[in-house]
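Trainee: For reference, the structure I am asking about is given below.
There are 6 protein chains.
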Amino acid sequence: MPRPVTLFTGQWADLPFEEMCKLASGWGYDGLEIACWGDHFDVWQAVEDEGYVKAKREVLDKYNLKVWAISNHLKGQAVCDDPIDQRHKDILPSKIWGDGDPEGVRQRAAEEMKVTARAARALGVDTVVGFTGSSIWKYVAMFPPASQAMVDAGYEDFANRWNPIIDVFDSEGVKFAFEVHPSEIAYDYWTTVRMLEAIDHRESYGLNWDPSHFVWQDLNPVDFIFDFKDRIYHVDCKDAKRRVGNGRNGRLGSHLAWGDLRRGWDFVSTGHGDVPWEDSFRALNAIGYDGPISIEWEDAGMDRLHGAPEALKIVRALQEIEPPAASFDAAFASSD
Amino acid sequence: MPRPVTLFTGQWADLPFEEMCKLASGWGYDGLEIACWGDHFDVWQAVEDEGYVKAKREVLDKYNLKVWAISNHLKGQAVCDDPIDQRHKDILPSKIWGDGDPEGVRQRAAEEMKVTARAARALGVDTVVGFTGSSIWKYVAMFPPASQAMVDAGYEDFANRWNPIIDVFDSEGVKFAFEVHPSEIAYDYWTTVRMLEAIDHRESYGLNWDPSHFVWQDLNPVDFIFDFKDRIYHVDCKDAKRRVGNGRNGRLGSHLAWGDLRRGWDFVSTGHGDVPWEDSFRALNAIGYDGPISIEWEDAGMDRLHGAPEALKIVRALQEIEPPAASFDAAFASSD
Amino acid sequence: MPRPVTLFTGQWADLPFEEMCKLASGWGYDGLEIACWGDHFDVWQAVEDEGYVKAKREVLDKYNLKVWAISNHLKGQAVCDDPIDQRHKDILPSKIWGDGDPEGVRQRAAEEMKVTARAARALGVDTVVGFTGSSIWKYVAMFPPASQAMVDAGYEDFANRWNPIIDVFDSEGVKFAFEVHPSEIAYDYWTTVRMLEAIDHRESYGLNWDPSHFVWQDLNPVDFIFDFKDRIYHVDCKDAKRRVGNGRNGRLGSHLAWGDLRRGWDFVSTGHGDVPWEDSFRALNAIGYDGPISIEWEDAGMDRLHGAPEALKIVRALQEIEPPAASFDAAFASSD
Amino acid sequence: MPRPVTLFTGQWADLPFEEMCKLASGWGYDGLEIACWGDHFDVWQAVEDEGYVKAKREVLDKYNLKVWAISNHLKGQAVCDDPIDQRHKDILPSKIWGDGDPEGVRQRAAEEMKVTARAARALGVDTVVGFTGSSIWKYVAMFPPASQAMVDAGYEDFANRWNPIIDVFDSEGVKFAFEVHPSEIAYDYWTTVRMLEAIDHRESYGLNWDPSHFVWQDLNPVDFIFDFKDRIYHVDCKDAKRRVGNGRNGRLGSHLAWGDLRRGWDFVSTGHGDVPWEDSFRALNAIGYDGPISIEWEDAGMDRLHGAPEALKIVRALQEIEPPAASFDAAFASSD
Amino acid sequence: MPRPVTLFTGQWADLPFEEMCKLASGWGYDGLEIACWGDHFDVWQAVEDEGYVKAKREVLDKYNLKVWAISNHLKGQAVCDDPIDQRHKDILPSKIWGDGDPEGVRQRAAEEMKVTARAARALGVDTVVGFTGSSIWKYVAMFPPASQAMVDAGYEDFANRWNPIIDVFDSEGVKFAFEVHPSEIAYDYWTTVRMLEAIDHRESYGLNWDPSHFVWQDLNPVDFIFDFKDRIYHVDCKDAKRRVGNGRNGRLGSHLAWGDLRRGWDFVSTGHGDVPWEDSFRALNAIGYDGPISIEWEDAGMDRLHGAPEALKIVRALQEIEPPAASFDAAFASSD
Amino acid sequence: MPRPVTLFTGQWADLPFEEMCKLASGWGYDGLEIACWGDHFDVWQAVEDEGYVKAKREVLDKYNLKVWAISNHLKGQAVCDDPIDQRHKDILPSKIWGDGDPEGVRQRAAEEMKVTARAARALGVDTVVGFTGSSIWKYVAMFPPASQAMVDAGYEDFANRWNPIIDVFDSEGVKFAFEVHPSEIAYDYWTTVRMLEAIDHRESYGLNWDPSHFVWQDLNPVDFIFDFKDRIYHVDCKDAKRRVGNGRNGRLGSHLAWGDLRRGWDFVSTGHGDVPWEDSFRALNAIGYDGPISIEWEDAGMDRLHGAPEALKIVRALQEIEPPAASFDAAFASSD
């Protein structure tokens, strides 16, 4: 079987899991990258209640869907974040938020990430996709001045909080695929290099390649695949479009809402943006990536019911680009 | 007298004020944009002690320097900021930091900004340059999700905290020239539009045109002068260089220190970066700006003792571009 | 009903109206933007003869076509133009050309534009698309020197000639949608600003957004929609392709015929050129434009019978991009 | 009949001729550009054995395929090349390689090119596509220093070796369509100018327009068609993609294998690269080229069985762009 | 003597000739390109009154200035122009304007151009720089539709009116150096090709290379030198700057006054714009151009008294780039 | 002492050594990078005759010049090259060329490179700059097809021939600084990676950073410094200018002579081309490079007697950019 195409359910968690399954199956997806929020997947129940996992599996089977990865961005976000504020309260379950004391929130979130590794194992899945949060993201503008010591402390904080989590991933035989993203400990090329150094390149900790944030930061998604080829553990297809160039729209988005065309960049449905998809897929072929291709669908200017099946069609076309068995200049060989 | 050229003392506050004056005068500057930190200018003393201002004036006179503006970025920063943390403690005097309780810090900082208006008046200066801080800068990445209501609240918080300060500027006949800058309530074109709306375009509140942060956000510094032509109250010449394009260096700077060439952009000495200086000066001519041209010198890869006089030379050359009295095609007129 | 897609009949006026209807209907168009020349629509008959309009309506009904706008570019052109010459004679009916005395031609053309407003009303249509001509277009190269007084006089001439016409539009409740275009009083961004000022932003006078001429002048079609969002009264989809870059093809077209690839730009069938169609349609969504999308088909290198149905297909696909009901990050909300 | 679309068999010569015919026919090609290697076409047999040609024709007829050109790149390459080495041995039949003595190889190769003209005539074909080799290609880097005299000698060597070959083409009424290509006597614009001068613009010697190598050398494929419009005797559609821009991938390909994404450019299936296909086809229309459009399929990252039919589909769509009979502004003419 | 540097007096004709000489000499110019308007040079007097020329020469000698060319743009403009209007009246002497009847104006202007050739001879000068005007410039936008027959007629009108003038240039042994420029019969590359064809490439009629208008039309000034290398009879250094890119400023200048930064391009002092001066001078070296380098100074944002000496300094520096006698790799030759 | 600036004598070897010294000294150079050809430096004499070195030193001392490196490009070229032909004969002394048998030439050249290490030691110099030649450069176009095995063999040949040479460098304590260059075993980024792997990153073998060939291959000279920071052993300042973009000039130079502006790129005097010199010098500062900055002067369009002193002036200005002792934001620290 060639690489399967899945739909990430994070942006659909307002829908009941079964409805989500029905939609994805109807559009022709091979499976789901299941979000650990909404009613889609509760990692605590998954490790505590065998029946829970079995029931999920039955729904998936009913719709002929498979699963290769689960995702828990929202709880991972809280592990390192500082400050912890209303934004976190809005996306965390009360079990993690508790009384909202920041350090307590962080520790409960870390605990859930360990549970997530065990839940993945329980579901028979090898990969967890997610975020880490960051205690130093807030220094990104470097003003008021943040010393390199403060920055170093941020990476150390990350290592201290995540190494114990990775220990659990190790013992469960599950891999964590971190999504390089603003607000996280790594959001570009050099911070990814630094992040991997901070945890000594532990093998259980790799990357979820999602090119959408590379585009507006002027990073090269294709080179990223090559340069981190031994750490690409999962692929999310999310697209973004730059809308700078008129001298008024800026790279930082101007605190404008998604979909506002005055933003200097925005998420768009896969294939509608600036990601060099074809070369990216050729690079995935080149490094031998054979895991799932997951569509993380976000486009504030398009109806998701229109966009999700369209994105699948686009990705299926990209998947048809497969390397041949033999070199083409073999045909020039003289053999008389 | 054509527009004077001044040196902003903020990056030199480690030097005693008189030494700073001696240097600037020796290089040929017309005056200073005096920073309200270090021993350069203490706004509290200025309003409480007539002799303090007189003594400052004597030093300036001794070195044949004038002053058209004072700057208080560091205290302005604390007015709206959230969180208030170690970075603020590092740059605030104990009088403002106090016990470090965030709201107390903000209010004491606001009080100092009022005092700054009075101190400017006492010094005989019409303009205060500075920052505002921002309670919503931290939402810039828009993840965890920040609703437009949260964003709106940030602009409202800004208006609530700054309107009373502007009242004092109004009554003193002094203008505040806000520097558009990451970490502030406005950092690009559309946030500047929104900021000015938030305070109903009060006339005492305008802009310090500093193009360095426009360059890496892909904003057009020349158009900015035109579009906000009635609000350009001060000019800071600081330059920046984009170093993106290799697919690895990113627009956000990667938390790398100033001067690290892997940053996607960096400050450089005036004339060494990507600011379109000539057209900017032509635009300043076009809108009739006749205030000071102040050099805010920052370049982590160059010695400031080399850079400051070089920047002056570059700006003097730009100042030589002056519009003529008559249209050139007048010479084609037939007059026989 | 979503926005209808119409075909502008101007480039098909060599065909009898009914044949045009048959073709457009067969290709699946929703309606026509009817040109007031050829036998397609005679505004004088329309206001003088009730049966004329009724007969037109019957043909449209027979082919299940609707009409939201009529166009009278060729007569509008003559209202302000100077000189009036052979080119005008070639495109004007004898009723307007008369003896060819320039001022007489202008006045008769102005009269026809008033009649056009009444004819639109008679047909039950709210919008007239068209040109204005210009007495100063000939000064575009600014050599021999044209003073600003001469330029000012041109805008004044425009206002003087068009205000009485707009009065009739006002009284008929019909809007004029001016097409920004070389040879007209406004052909780019700043001339559009000036034109609207010249008539005090009268509400009956707005714009027909046609991006084809923006492309080669380096104007941004998407920003144009935003910046004039309250004056976009009609949309024409015409595309253009820049062919500069080899150092020999120039922006002005070299007096070469349409379709000659040495021209620095040329019209091409919608979707074959440099217009950023997708973002343009997103912008139309953003400003809430709900009028017709009309295809003005011009491509000297393609057969129109091939191009017109292809263009419809491309526009239908663009129309499928519709904003969703809810924000995508709603799905992240915690609700336990 | 509009221009036919053929498949060049050079990259398929590992397959038996009939299998190749079956594939091409099944995909819908109109004919073949037959390579004179493998078992596809043996020029010596063609001129010596009437039955050989007849048999080939029968296979073609069986699959409803036509032929307008044959190609003999591999032997043409050896005519001027210096050094002659293992690479040539690998692609030449023993009849030409013989004992491998360079001058002998060159002369036997030249002899085969004459035979190829006669074979084309025997097959009823007017065009032979191919290479020339070059004795000075090895000087391309100009270090160790190569004097202009050495360069001149290379063009003279070319003329001396090819004029006798062209004599045979003349007498057979067949044209040679040289493919501009690195390793050949002409590989870009100015070397093509020089090459044609070297043989005094003999009419039997023209060009096979193959844009793939133009793309990475920054040559303009569309202008090339215009500037050499009287010498475009054949068209090969091969595409290429530039992959420079990250500062590490170079224009020269780094001796990396085809398909390695670190190469600064690579061949890709038609329509997947940087060739401006639409304008190229418009240019072919403009110069009245009415010969075959041949797909030379090379893409080391794609399976040829997937790519060849896809390329045909893309080219068929390009072929639908045909100039109209009449000028579109005819419809504006007044005829009352 | 290397190529001399002259100052074109056209934009200084409001100053008395002697004052102009004094200025130019004081700045260090080698000579003048004298405009045939103001009191600088009257061609009628020059041919009728020997003393007039002698007096001019004395003034030149007094200031140690030489002259290699005279210019008569303003009268040349009227030879072909249509319409003839107020703009012409403003720049023509009454002797040429007369009663303003267009055809009379054209014929008197043509007569003056013949006289100009004779005046050049009388002054001992081999070159006249100037314009032609154009009866078809007004068709540049191609709307209202202008047929190719109309365009052809324009080139024919040009040939008919200028051939008799060129006859006089021939007989006087003087060359006309036409300045490629909007409003003229040729304003870009392809119109220059067409113009030269229209007069059968007569040798007395060549080009004044002035790159300022090439810049904003996207023409390559360096290639222009090569491609018309046998017709470069004079060089004018005028610079221009593109100011497009923000999506609002357009290539056509928006009828805005010179110096308005909203124009999409503008003239600027030599070295302040987008002309590739260094490569242009290398190209002039390459074709062996050894005539004068004349500075035509126009910059609505700079004082000409500042600009003219600055431009001279810049051009002198460019002149220092001179080809060496021997090839640099000669030094690698082994000679033991 | 800051980094010294030297002049490479390779392009001046037609001059006697003392004359060269006199010129360089007169222009203000600190020293020379002495070429081992002409009469500048004979490595055989240097190791055999103590007086030879002493005499050279006396000449240098007389002109107050120092030496930090010697260069032997021409002999190094012959070590791996294949074919060995007239071009080599032209630049090799008869001692190395001998009977011209290729393998003999290669071995004698290799012997000279060993002697060069000993000569450097004798002269008291730590660095030898040079070339390697390449047996596979001729495969750069990859047609006729060159297998990866052939390519691999080329790197192996390089290692086999150079390892014994490097052994001598090791034992002499001298470093070889290879210049990345077309015609050599490494000519771009990825071939440099491969070359260093081929010899197991031996420490005595590093790089001479010469950015001129990076520019036209689209390689990033600044990143190159970072990525190979532990192997930058010498710096040569040679500049190059891209002249592509018109669609006719190609990246490969068209076999045209140096200085012909139709070449797609050419060498130009330092500071006249596309090398990002300022950022390159900032990068050299960043990696702590403290060796000589050598000007390798080549510009076929400029006189070397003009260019060499001008280049020195430009490099001296670049050298003035030196990093400061302290971080600039130290001045913001609060210290009350």
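Top line first, the protein sequences correspond to chains Y, A, Z, V, H and E. The first sequence begins at 1 in the working numbering and counts up one residue at a time. The second sequence begins at 1 in the working numbering and counts up one residue at a time. The third sequence begins at 1 in the working numbering and counts up one residue at a time. The fourth sequence begins at 1 in the working numbering and counts up one residue at a time. The fifth sequence begins at 1 in the working numbering and counts up one residue at a time. The sixth sequence begins at 1 in the working numbering and counts up one residue at a time. All C-beta atoms, glycine included, are put in the ideal place defined by N, C-alpha and C.
1. Is the separation between the beta-carbon of Ile295/A and that of Thr116/A shorter than 9 Å?
2. Would you decide whether Ser171/V is buried or exposed? Buried here means 16 or more other CB atoms lie within 10 Å of its CB.
3. Going by beta carbon distance, what residues of the same chain come within less than 6 Å of Phe214/H, once the five residues before and after it are set aside?
4. Taking only the alpha-carbon atoms, compute the straight-line gap between Thr132/H and Leu60/H and give it to the nearest angstrom.
5. Would DSSP call Val180/A helix, strand or coil?
6. Tell whether a beta-carbon distance below 9 Å holds between Asp126/E and Pro145/V.
7. I need the DSSP call for Val275/H, collapsed to helix, strand or coil.
8. Of all the residues that make up the segment 249–263 of chain H, which are near chain Z by a beta-carbon distance shorter than 8 Å?
9. Inspect the CB distances between the segment 184–198 of chain A and the segment 153–162 of chain A and report whether three or more fall short of 8 Å.
10. Does DSSP put Tyr187/A in a helix, a strand or coil?
11. With 8 Å as the limit, tell me which residues of the segment 216–236 of chain E have their beta carbon closer than that to any beta carbon of chain A; keep them in chain order.
12. Should the segment 306–322 of chain Y be called in touch with the segment 21–31 of chain Y, which here means at least 3 C-beta pairs below 8 Å?
13. Val11/V: buried (16+ other C-beta within 10 angstroms of its C-beta) or exposed?
14. Pick from Ser334/Z, Ile70/Z, Asp223/Z and Met150/Z: whose alpha carbon is nearest that of Ala35/Z?
15. What is the C-beta distance between Val244/V and Gly250/V, in whole angstroms, given that I count them as a contact (C-beta under 8 Å)?
16. Is the segment 276–286 of chain H touching the segment 221–241 of chain H in the sense that three or more CB pairs, one from each, lie closer than 8 Å?
17. Name the two residues that bound the continuous alpha helix (DSSP H) containing Tyr52/Z.
18. Anything in the segment 56–80 of chain E with a Cβ closer than 8 Å to a Cβ of chain V? List those residues in chain order, please.
19. Asn208/E CB to nearest chain V CB: under 9 Å?
20. Mind checking if Asn246/Y is an interface residue toward chain H, Cβ cutoff 9 Å exclusive?
21. Bridge partners for Glu33/H per DSSP, in chain order?
22. Counting only beta-carbon atoms, is Phe158/H nearer than 9 Å to chain E?
23. For Phe267/V, go through chain E and note every residue whose CB falls closer than 9 Å to its CB, in chain order.
24. Our contact map puts Thr191/E next to Asp239/E with C-beta atoms below 8 Å; I'd like the distance itself, whole angstroms only.
25. How is Arg263/A classed by DSSP in three states: helix, strand or coil?
26. When the Cα atoms are used, what is the spatial distance from Glu322/E to Pro2/E?
Mentor: The relevant details are as follows:
1. Pairing Ile295/A with Thr116/A gives a Cβ-Cβ distance that is not under 9 Å.
2. Ser171/V is exposed by the Cβ-count criterion.
3. Scanning its chain for C-beta atoms nearer than 6 Å, with the 5 sequence neighbours on each side dropped, one finds around Phe214/H the residues Pro221, in chain order.
4. The alpha-carbon atoms of Thr132/H and Leu60/H are separated by roughly 28 Å.
5. In the structure shown, Val180/A falls within a coil segment according to DSSP collapsed to helix, strand and coil.
6. With contacts defined as CB atoms closer than 9 Å, Asp126/E and Pro145/V fail to qualify as a contacting pair.
7. Shown here, Val275/H sits in coil according to DSSP, grouped into three states, outside any helix or strand.
8. Here the close residues are Asn249, Gly250, Arg251, Leu252, Gly253, Ser254, His255, Leu256, Ala257, Trp258 and Arg262.
9. Yes: the two stretches touch, three or more of their Cβ pairs being nearer than 8 Å.
10. Coil at Tyr187/A, not helix or strand.
11. Answer set for the segment 216–236 of chain E: Asn220, Val222, Asp223 and Phe226.
12. As far as the Cβ criterion goes, the segment 306–322 of chain Y touches the segment 21–31 of chain Y, which means the pair count is three or higher.
13. Residue identity differs from the one stated: residue 11/V is Gln in this sequence, not Val. When all chains shown are included, Gln11/V counts as buried.
14. Looking from the CA of Ala35/Z, the closest CA among Ser334/Z, Ile70/Z, Asp223/Z and Met150/Z belongs to Ile70/Z.
15. The C-beta separation of Val244/V from Gly250/V comes to about 7 Å, placing the pair in contact by the 8 Å criterion.
16. Touching, yes.
17. Note, Tyr52/Z: alpha helix (DSSP H), Glu50 to Lys62.
18. Taking 8 Å as the Cβ-Cβ cut-off, the segment 56–80 of chain E approaches chain V at Leu74 and Gln77, given in chain order.
19. Taking Cβ atoms only, chain V never reaches closer than 9 Å to Asn208/E, which makes this a no.
20. True, the Cβ-Cβ gap to chain H drops below 9 Å.
21. According to DSSP, which records beta bridges pairwise, Glu33/H is partnered with Phe8/H and Ala69/H.
22. Answer no: the Cβ-Cβ gap between Phe158/H and chain E never drops below 9 Å.
23. Chain E residues near Phe267/V: none, gap ~10 Å exceeds 9 Å.
24. Not confirmed; about 22 Å, so no contact.
25. Assigned with DSSP and collapsed to three states, Arg263/A falls in coil, not helix or strand.
26. If I take the Cα positions, the gap works out to 10 Å.
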